[in-house]
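**Q** Here it is, the structure in full.
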Amino acid sequence: MIFLKAIITLLLFQTVLFGQDSKSFTIEMLNERSYPMSIDENGDYHIQVSKTDQSIFKMKGTTYSNQTEKITWRTKDTYYWSDGMRTDVYPIVNPSSYTKDGVGYSMVGFLPEMKGKMVVIYGHYYDKVDSIRVYVE
Numbered sequence: 003m004i005f006l007k008a009i010i011t012l013l014l015f016q017t018v019l020f021g022q023d024s025k026s027f028t029i030e031m032l033n034e035r036s037y038p039m040s041i042d043e044n045g046d047y048h049i050q051v052s053k054t055d056q057s058i059f060k061m062k063g064t065t066y067s068n069q070t071e072k073i074t075w076r077t078k079d080t081y082y083w084s085d086g087m088r089t090d091v092y093p094i095v096n097p098s099s100y101t102k103d104g105v106g107y108s109m110v111g112f113l114p115e116m117k118g119k120m121v122v123i124y125g126h127y128y129d130k131v132d133s134i135r136v137y138v139e
């Protein structure tokens with residue numbers, strides 16, 4: 003009987019210790035400038051970008067933590083921009099942000115030349131990673 007109680011106590015302790023996800027994390031893209039945007043049934047974003055200027059959106063990362071935390075951001079692929087004389091790496095999303103009350107933001111800029119591309123944006127928070135797909139139309 004004592005052995006059975008010890009096993010049950012051990013299992014409960016293990017469930018409490020390892021069964022909780024103490025660092026949840028989700029990301030989403032916000033459209034504060036009212037560009038044409040929709041989200042399909044798969045959760046993929048479809049945006050229409052300006053024909054002449056950079057189109058700005060905002061990434062939102064939610065950590066569900068009251069602590070100030072760092073979120074890092076990146077894209078799956080590397081993108082380039084050229085002014086006709088030189089070509090530079092173009093970072094679509096700002097690389098890091100810090101949270102306040104469990105939420106952090108980063109800006110995203112899509113160029114007219116990106117029309118027809120699919121961009122994957124990753125948010126990283128500790129060992130958690132979330133991503134979105136954006137179809138630039």
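Numbering of the sequence shown is given in our numbering, commencing with residue 3 and proceeding in unit increments. By construction, the Cβ of each residue, glycine as well, lies at the ideal position given by its N, Cα and C atoms. Keep in mind the model is a prediction, meaning the values are calculated, not measured.
1. Quickly, what does DSSP pair Phe27 with across the bridge? List them, please.
2. Have a look at Ser52 and Ile58 and give me their C-alpha separation to the nearest angstrom.
3. Could you name the residues of the same chain whose beta carbon sits closer than 7 Å to that of Leu19, not counting the 5 residues immediately before and after it, in chain order?
4. If you follow the beta strand (DSSP E) that Val105 is part of, which residue opens it and which one closes it?
5. Given a cut-off of 7 Å, decide if Thr77 and Tyr27 are closer than it, judged by their beta-carbon atoms.
6. Mind checking whether Ser40 and Ile73 have CB atoms under 7 Å apart?
7. Give me whichever residues DSSP pairs with Thr89 in a beta bridge.
8. Ignore the nearest five residues each way along the sequence and tell me which others in Glu30's own chain have a CB closer than 6 Å to its CB.
9. Using a Cβ-Cβ cut-off of 6 Å (strictly less than) and excluding sequence neighbours within five positions of Gln50, which residues of its own chain qualify?
10. How would you write the range of the beta strand (DSSP E) that Val122 sits in, first residue to last?
**A** Judging by the given coordinates:
1. Bridge partners of Phe27: none, in fact.
2. 10 Å
3. In this predicted model, Leu19 has a pLDDT of only 43, less than 50, meaning its place in the structure is not dependable; the value taken from the coordinates is given anyway. Closer than 7 Å at the Cβ level, and outside the excluded window around Leu19, lies no residue.
4. Val105 to Phe112
5. One detail in the question is off: residue 27 reads as Phe in this sequence, not Tyr. Result no, Cβ atoms of Phe27 and Thr77 do not sit closer than 7 Å.
6. no
7. Ser84
8. Lys62
9. Pro38 and Glu139
10. Met120 to Tyr127
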